[in-house]
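Worksheet for the structure shown next.
There are 2 protein chains.
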Amino acid sequence: MKKILLLLLLTSQIAWTQSKQDSVQFRELANEIMVNGEAYENLRELTQSIGNRISGSVGYDKATVWAEKKLKEAGADKVWLQETFVPVWVRGKETLKLKTQNGKWEDLNFLSLGNSEGTNGKDVEGEVIMVNTLGEFDKLSEKEVKDKIVFFNYRFRQDFITTFDGYSDAVLYRSVAAVKVAEKGGKFAMIRSVSTGVDDVPHTGTMRYNEQIQKIPAIAIGNQTADRLEHLTKSGKIYLKLNSNCGMKEEIINYNVIGEIKGKDDKIIVAGAHLDSWDVGEGAHDDGAGVVQVIEILRTFKKLGIQPNHTLRFICYANEENGARGGEKYAEEAKRKNENHLFALESDAGGFSPRGFSLDMPLNKIKEIQAWKPLFLPYGTYDINKGYGGVDIHPLGRLLQTPLAGLIPDSQRYFDIHHTAADTFDKVNKRELQLGATVMAQLIYMIDKNW
Amino acid sequence: MKKILLLLLLTSQIAWTQSKQDSVQFRELANEIMVNGEAYENLRELTQSIGNRISGSVGYDKATVWAEKKLKEAGADKVWLQETFVPVWVRGKETLKLKTQNGKWEDLNFLSLGNSEGTNGKDVEGEVIMVNTLGEFDKLSEKEVKDKIVFFNYRFRQDFITTFDGYSDAVLYRSVAAVKVAEKGGKFAMIRSVSTGVDDVPHTGTMRYNEQIQKIPAIAIGNQTADRLEHLTKSGKIYLKLNSNCGMKEEIINYNVIGEIKGKDDKIIVAGAHLDSWDVGEGAHDDGAGVVQVIEILRTFKKLGIQPNHTLRFICYANEENGARGGEKYAEEAKRKNENHLFALESDAGGFSPRGFSLDMPLNKIKEIQAWKPLFLPYGTYDINKGYGGVDIHPLGRLLQTPLAGLIPDSQRYFDIHHTAADTFDKVNKRELQLGATVMAQLIYMIDKNW
């Protein structure tokens, strides 16, 4: 009995000492990032000197050179580019005009949805039918839709507390509107933006075609324009005239940019974010924030002289927004080379105050990470539960069964600016951005130490 | 044994049913506030139509009329004004000029600290000594300080994760700088603003005098100007010239504005925030946000037809910023009338995403509220611990032993804009503001039901 008690005491003493050491290391990581952090100034460069950087653009090429330089400056033992073919979607010039029954044509604020075909520079004009839901649309006959323009006036549900739930709910309209309308012979599809905003900012983002169905244009208008059109359609007929030049070009090669700290063994831990963005705004929260956080973790490990057990890879992924080819390519290569990926962490939900991690891994591993909650709590990070890792690391889970985690920042503001011209550097707060990098660095530290 | 088991089963069944009912009520409160909420539009009115509203100003008078009207529109059974004398501090015109040894005078961006005396419109000029800490200052002799201007270059500590900890640490300089410098015969005191900002925005806020020591002016400069002066003092002598007209006027009467929902009994639950602000910016986060949240709770209870057990009072307090007389007066009157105050909740830490409540009450009551955590967690509110309630409700705790609670919003952005010209409506996010009102309404609901 005495021996058992002694053993228990010893075990709990060891656990306490380790947890004490971890909390000291957590504090050191936080001090370095919160006080000497370079993430914010790096983001200023990426967003304001380079700007937006859709796959295949000159902006993406510049971002590639920039990321390679930054990973080297942060102290990577090795930096390399990994090539992947990417789709190239180009917006070009686009106009949308509105007319009421007896009115004159006036310009509206809008964006073509990403990957959408345009009108080839010709005017496409027609009467507008408004529906509030897909259910309403499905009740319309082909005759009612033929040659019409369909306005899907579905509102982002503000009753969801986590805005990603509202996004998952509303994004269906962005995805399927064009196919639905084309099936019934309509001219083009228009959606109320997938947006929590109280403003008139239109939100782009990918839409999907069905190869068996005619590819008609799909566009989005901001909430205020949508409110106005909703009002107008109730008091009479309205007409829209779209002229757009967007469309897909030939695929070309872009690059994942990868930096590495060599570990004591060859097992690999990944921290990743995507370097591409949509073609409007500056891609500041989506996902410049994630990119500079990933680079910041590398810099911090090097600055503090932390020698990891495993090899740490910091990946700036290509083409998350309209193809997800970068993430796919990385995982395929990892599988081909038979690399052992212990863990992958992604930041692609904005540079806001962190609140947790969503874990896509077996339950025993989830429980192991949940046991570290007391260490994370002083950093405002408490929501550590089963969930989705992220688009770019997802193929690692699928092909290599790698345990995945996604940073969960506060979600309240994200869908005000997501995929818009308003996703700019000034929307990012320095401390929030740094705190996100801090908890990511802490999680990488714990995984490296314990797995 | 069977009886005990049955009793246990019954008890747990009742607990489960109640918790289920509570979570349904939580959801209804959230739906009303997140979907139909009026807090954001009310804040737009208060900040953009009325603007800043320091005690004794025309702005405060307008805000009083506005709050009375809003509480009535929200459905209060009764609305009244409670008078209190308040200090009147007026800024007037102020300029600060800088000169290096061989340079010309140039204007600097700055603010006199609140309650500070000015220079009576005369130029007060002198050489600048910079110290980084009070410790450094204390080592200076009277001779070294006499007729000088002392620049306290103390930086906000960014290593604190909760910025209120950084504020508590740095605010000492704002409070004591003038007295310290006056004791050694300096001309005026200047501080690096108590600010997390990466910008040049100067932050005002109260300073204190000692009646036994000469009242010299105290001013604040923004972080960028402070960085520049720090650099300049290292390469040579610099001089400042202050001309200001600020100072205290005669006290006058202002009003707390109080709305009430009558309960089944006369016991009282308070939700409060302060209606006054500093004299720059719009007082949007500080504390327009709190005011509109408090009004929103009233509106929501009435809209949902919730008949409270106890009387609910919604208080827009006068004079929090530079005297705290409104809170003092309310508590004194409550004591005089022998009112029974069950609980008071304050929102005065910005309209950001809520994270918890800090509880200033006996341990058994803290534990009772902590037991409700699972109900609050879906609303991102997890940090429910012992702490400070708030300036305006504090006297209720002191005089009536009322249990107190303060809303804890995410603190990362608050001290970028606190007490500045940049504390404007556009800094407040609609969903964050509403979510704060939601969890406050939920807590009021639980207290009313259970206490």
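Sequences listed follow chains G and S, in order.
For the first sequence, position 339 (counting from the first letter as 1) is numbered 339 according to the working numbering, and the numbering increases by one without interruption.
For the second sequence, position 410 (counting from the first letter as 1) is numbered 1410 according to the working numbering, and the numbering increases by one without interruption.
Quick reminder that beta carbons are idealized off the backbone N, C-alpha and C, glycines included.
Model, not experiment: these values are computed from the prediction.
Can you give me the C-alpha to C-alpha distance between residue i and residue j, rounded to a whole angstrom?
i                         : j                            : result
aspartate 1286 of chain S : arginine 431 of chain G      : 20 Å
isoleucine 393 of chain G : glutamate 296 of chain G     : 19 Å
glycine 1236 of chain S   : valine 1150 of chain S       : 15 Å
glutamate 1368 of chain S : glycine 1326 of chain S      : 30 Å
threonine 420 of chain G  : leucine 359 of chain G       : 28 Å
valine 194 of chain G     : arginine 413 of chain G      : 13 Å
alanine 265 of chain G    : histidine 310 of chain G     : Reading the sequence as shown, one finds aspartate at residue 265 of chain G and not alanine. Near 5 Å, if we compare the C-alpha coordinates of histidine 310 of chain G and aspartate 265 of chain G.
isoleucine 306 of chain G : tyrosine 379 of chain G      : 20 Å
aspartate 1200 of chain S : asparagine 1109 of chain S   : 8 Å
lysine 62 of chain G      : leucine 298 of chain G       : 21 Å
aspartate 423 of chain G  : glycine 288 of chain G       : 10 Å
threonine 1162 of chain S : glycine 1259 of chain S      : 33 Å
glutamate 321 of chain G  : valine 280 of chain G        : 12 Å
valine 86 of chain G      : methionine 440 of chain G    : 28 Å
glycine 118 of chain G    : phenylalanine 137 of chain G : 23 Å
asparagine 153 of chain G : alanine 182 of chain G       : 17 Å
arginine 355 of chain G   : glutamate 1251 of chain S    : 46 Å
leucine 1377 of chain S   : tyrosine 382 of chain G      : 10 Å
isoleucine 444 of chain G : glutamate 28 of chain G      : 14 Å
aspartate 1123 of chain S : tyrosine 1060 of chain S     : 31 Å
threonine 204 of chain G  : alanine 226 of chain G       : 15 Å
glutamate 94 of chain G   : leucine 1111 of chain S      : 48 Å
serine 23 of chain G      : glycine 1247 of chain S      : 48 Å
serine 1057 of chain S    : isoleucine 1050 of chain S   : 11 Å
threonine 100 of chain G  : isoleucine 1408 of chain S   : 49 Å
arginine 1174 of chain S  : methionine 1034 of chain S   : 38 Å
leucine 455 of chain G    : lysine 373 of chain G        : The structure shown has nothing for residue 455 of chain G, since chain G only spans 1 to 451.
leucine 1404 of chain S   : glycine 1436 of chain S      : 17 Å
methionine 361 of chain G : leucine 312 of chain G       : 19 Å
In the DSSP output, which residue or residues are listed as bridge partners for residue i?
i                          : result
lysine 1062 of chain S     : None, per the DSSP bridge assignment.
leucine 81 of chain G      : G:Val257
threonine 95 of chain G    : G:Asn243
serine 1112 of chain S     : S:Ile1219
valine 35 of chain G       : According to DSSP, valine 35 of chain G bridges with nothing at all.
valine 439 of chain G      : DSSP, once it has assigned bridges, lists no residue as partnering valine 439 of chain G.
tryptophan 1016 of chain S : In the DSSP output, where bridge partners are listed per residue, tryptophan 1016 of chain S has none listed.
valine 1086 of chain S     : S:Ile1252
Span of the beta strand (DSSP E) holding residue i?
i                          : result
lysine 1104 of chain S     : Careful: lysine 1104 of chain S lies outside any beta strand (DSSP E) and carries neither H nor E.
valine 280 of chain G      : Note, valine 280 of chain G: premise wrong, no beta strand (DSSP E); not H, not E.
glutamate 1250 of chain S  : 1247 to 1261
methionine 207 of chain G  : Here methionine 207 of chain G belongs to no beta strand (DSSP E), and DSSP marks it neither H nor E.
isoleucine 1268 of chain S : 1268 to 1274
Just to check my reading of the structure: residue i and residue j have Cβ atoms closer than 8 Å, yes? What is that Cβ distance to the nearest angstrom?
i                             : j                          : result
phenylalanine 399 of chain G  : alanine 331 of chain G     : First, the amino acid is wrong: residue 399 of chain G is leucine here, not phenylalanine. Going by Cβ atoms, the distance from leucine 399 of chain G to alanine 331 of chain G rounds to 5 Å, so yes, they are a contact pair.
lysine 148 of chain G         : glutamate 127 of chain G   : 6 Å
glutamine 1340 of chain S     : lysine 1267 of chain S     : The sequence shown places asparagine at residue 1340 of chain S, not glutamine. Right, the Cβ-Cβ distance comes to about 5 Å (below 8 Å), so this counts as a contact.
isoleucine 417 of chain G     : aspartate 276 of chain G   : Wrong, their Cβ atoms sit about 17 Å apart, outside the cutoff.
alanine 178 of chain G        : isoleucine 129 of chain G  : With 8 Å as the limit, alanine 178 of chain G and isoleucine 129 of chain G do not qualify as a contact, their Cβ atoms being about 15 Å apart.
glycine 1290 of chain S       : alanine 1273 of chain S    : 3 Å
proline 1202 of chain S       : glycine 1186 of chain S    : Going by Cβ atoms, the distance from proline 1202 of chain S to glycine 1186 of chain S rounds to 20 Å, so no, they are not a contact pair.
asparagine 1254 of chain S    : isoleucine 1315 of chain S : At roughly 14 Å, the Cβ-Cβ gap does not stay under 8 Å, so asparagine 1254 of chain S and isoleucine 1315 of chain S are not in contact.
serine 347 of chain G         : valine 294 of chain G      : 7 Å
leucine 1098 of chain S       : leucine 1240 of chain S    : 6 Å
phenylalanine 1156 of chain S : threonine 1196 of chain S  : 5 Å
Assuming residue i is part of the alpha helix (DSSP H), what are its boundary residues?
i                          : result
threonine 1311 of chain S  : Threonine 1311 of chain S -> not in any alpha helix (DSSP H); beta strand (DSSP E) instead, spanning 1311 to 1317.
valine 1428 of chain S     : Taken as a continuous stretch (DSSP letters only), valine 1428 of chain S belongs to no alpha helix (DSSP H), as it is neither H nor E.
glycine 1290 of chain S    : 1289 to 1303
isoleucine 1149 of chain S : Counting along the chain, isoleucine 1149 of chain S falls outside any alpha helix (DSSP H), though it belongs to the beta strand (DSSP E) covering 1149 to 1152.
lysine 1264 of chain S     : Neither: lysine 1264 of chain S is in no alpha helix (DSSP H) and is coded neither H nor E.
aspartate 416 of chain G   : 414 to 417
Hey, is residue i close to the ligand COA, as in C-beta under 7 Å from one of its heavy atoms?
i                       : result
proline 1217 of chain S : Annotation note on the ligand COA: not contained in the displayed structure, which lists no ligands.
- request: Note down, one range per segment and in chain order, each alpha helix (DSSP H) of at least 4 residues found wholly within the stretch 325 to 408 of chain G.
  value: 325 to 336, 363 to 370, 373 to 376, 394 to 400
task: Identify every run of the alpha helix (DSSP H) within the stretch 118 to 145 of chain G, keeping only runs that are complete inside it and at least 4 residues long; order them along the chain.
output: 134 to 138, 142 to 145
field: Whole runs of the alpha helix (DSSP H) within the stretch 1155 to 1242 of chain S, excluding any shorter than 4 residues
entry: 1163 to 1183, 1223 to 1235
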